[in-house]
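Report on the following structure.
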């Protein structure tokens with residue numbers, strides 16, 4: 001197990017990090033890693049597309065370049081591997097990393113199904129290596145502040161919530177061969193886009209106990225949905241409206257949680273800062289709520305850098321990095337629950353999504369009924 005200090009008390013050497021998949025999202029990873037040079041050494045990159053790999057390697061000064069993850073693992077011996085490939089490739093690449101002792105940090109969605117995520121989680125070691133999922137919206141300071149206030153009970157009991165990811169993607173977006181297909185992307189906006197907002201919602205409100213949903217093909221020529229709508233009930237009694245859309249010309253990401261003593265709101269698009277949050281105290285609680293909100297964490301925007309700082313620190317310390325497989329599974333079960341409810345046309349609980357469910361092995365289950 002790696003530790004943040006050597007036996008002689010000196011700091012541990014930097015984490016040896018590598019990147020698999022050198023498309024657009026990899027840029028966010030490597031630039032975040034470059035912001036912590038004393039903690040990370042970027043040792044290699046891999047991509048099956050030689051031109052993309054060459055361009056990425058030249059841009060970021062990486063000489064060690066490989067055609068696939070297996071070659072990279074043999075040649076570079078990384079401690080941490082960033083999986084930035086399309087979702088259909090995640091499972092085998094993560095398993096390859098874990099098999100050689102490297103912790104894997106995987107882009108969302110972590111895999112195509114609950115079964116695949118559970119297989120990845122089962123391959124983790126008790127003391128590592130681990131698999132973590134990129135859910136960076138959890139790590140902005142305002143989200144940390146909101147979570148602390150909700151968990152402490154300072155704002156009272158959560159009552160009702162809204163979680164909307166209303167984005168816009170033209171048909172040309174889906175011309176990339178792996179997009180809009182169950183077998184390669186795992187789903188539509190519920191799986192690949194709104195999952196960030198839904199993960200933040202579950203991070204703030206905790207376990208969910210029931211979902212009722214519908215899914216629709218409104219405007220895009222795809223095999224998956226382009227819109228879903230859900231009612232989600234949480235274990236703490238809160239009820240939420242969840243909308244995921246790729247057909248909304250005025251794009252917005254929006255979360256609202258109404259508690260007994262305040263309303264918390266977040267309005268942004270692909271990332272937020274402290275100023276994107278708004279807190280409205282209930283009558284009679286103005287001073288108490290305002291003081292509590294101002295006293296919390298501040299100054300950190302959401303984004304890959306915010307989460308990667310925690311991931312690298314955990315790897316250096318030999319502890320499980322966030323977001324853990326257990327937390328990812330809770331969010332993935334909500335995604336699967338929305339699809340199961342929409343296609344089976346009934347309310348779904350987490351216990352309905354075990355190995356005996358068709359939605360355990362694939363998000364479209366036994367086939368959409370549009």
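Residue numbers (UniProt numbering): 1 to 370.
No residue lacks a Cβ here, since even glycine has one placed at the ideal position from N, Cα and C.
Please state whether the Cβ-Cβ distance between residue 200 and residue 255 is less than 8 angstroms. Pairing residue 200 with residue 255 gives a Cβ-Cβ distance under 8 angstroms.
Assuming residue 380 is part of the beta strand (DSSP E), what are its boundary residues? Since the first residue shown for the chain is 1 and the last is 370, residue 380 is missing from the structure and cannot be characterised.
Euclidean distance between Cα positions of residue 274 and residue 301: It is roughly 7 angstroms from the alpha-carbon of residue 274 to the alpha-carbon of residue 301.
Can you list, in chain order, the residues of its chain with a C-beta nearer than 7 angstroms to that of residue 352? Leave out the 5 residues immediately preceding and following it. Counting only Cβ-Cβ distances below 7 angstroms, and skipping sequence neighbours, we find 340.
Tell me the DSSP bridge mates of residue 41? Answer is 16.
Can you give me the C-alpha to C-alpha distance between residue 368 and residue 233, rounded to a whole angstrom? The straight-line gap from Cα to Cα measures roughly 23 angstroms.
Between residue 78 and residue 16, what straight-line distance do the alpha-carbon atoms span, to the nearest angstrom? Linking residue 78 to residue 16 through their CA atoms gives a straight-line distance of about 5 angstroms.
Mapping the DSSP letters down to three states, classify residue 213 as helix, strand or coil. Correct three-state label for residue 213: strand.
Give me the DSSP bridge partner(s) of residue 244. Looking at the DSSP assignment, residue 244 forms a beta bridge with 165, 228.
Residues sharing a beta bridge with residue 234, DSSP: Bridge partners of residue 234: 208.
Tell me the residue span of the beta strand (DSSP E) that contains residue 267. Per DSSP, the unbroken beta strand (DSSP E) holding residue 267 starts and ends at 262-268.
Using a 10 Å radius around the Cβ and a threshold of 16 neighbouring Cβ atoms, would you call residue 129 buried or exposed? Classification of residue 129: buried, given that the 10 Å Cβ count is 16 or more.
In whole angstroms, what is the alpha-carbon distance linking residue 48 and residue 355? Near 33 angstroms, if we compare the C-alpha coordinates of residue 355 and residue 48.
Euclidean distance between Cα positions of residue 239 and residue 364: About 25 angstroms.
DSSP on residue 111, reduced to helix/strand/coil? Residue 111 sits in coil when the DSSP states are folded into three classes, being neither helix nor strand.
With a cut-off of 8 angstroms, do at least 3 Cβ pairs link the region 108-124 to the region 268-286? By the criterion of at least three beta-carbon pairs nearer than 8 angstroms, the region 108-124 is not in contact with the region 268-286.
If you pair each beta-carbon of the region 16-28 with each one of the region 71-89, do three or more pairs fall below 8 angstroms? Yes, the region 16-28 touches the region 71-89.
Which residues share a DSSP beta bridge with residue 277? DSSP output for residue 277 lists 266 as bridge partner(s).
Exposed unless 16 or more other CB atoms sit within 10 angstroms - verdict on residue 294: The C-beta of residue 294 has fewer than 16 other C-beta atoms within 10 Å across all chains shown, which makes the residue exposed.
Within a Cβ cutoff of 7 angstroms, which residues of the same chain sit near residue 19, ignoring the five residues on either side of it in sequence? Closer than 7 angstroms at the Cβ level, and outside the excluded window around residue 19, lie 26, 29, 30, 45, 82, 84.
Considering only heavy atoms of the ligand SAH, does any lie closer than 7 angstroms to the CB of residue 156? Of the ligands one can find in the structure shown there are none, so the ligand SAH has no counterpart to examine.
Cα-Cα separation between residue 101 and residue 137, rounded to whole angstroms: Approximately 28 angstroms, taken between the alpha carbons.
Does the separation of the CB atoms of residue 205 and residue 148 fall below 8 angstroms? No.
Confirm, please, whether the CB-CB distance from residue 224 to residue 185 is below 8 angstroms. For the pair residue 185 and residue 224, the CB atoms are nearer than the 8 angstroms cut-off.
For residue 98, which three-state DSSP category applies? Annotated three-state conformation of residue 98 is helix, per DSSP.
How big is the Cα-Cα spacing for residue 314 and residue 321? Approximately 5 angstroms between the Cα atoms of the pair.
In terms of alpha-carbon separation, which member of 310, 151, 156 lies closest to residue 139? The option with the nearest alpha carbon to residue 139 is 310.
Just to confirm before moving on: does the CB-CB distance between residue 197 and residue 163 stay below 8 angstroms? For residue 197 and residue 163, yes; Cβs fall inside 8 angstroms.
Please name the residue or residues paired with residue 258 in a DSSP beta bridge. Answer is 160, 263.
With respect to the beta strand (DSSP E) encompassing residue 420, which residues constitute its N-terminal and C-terminal limits? Nothing about residue 420 can be read from this structure; the chain reaches only from 1 to 370.
Please determine, among 288, 297, 262, the residue with the shortest C-alpha to C-alpha distance to residue 280. Minimum Cα distance to residue 280 is reached at 262.
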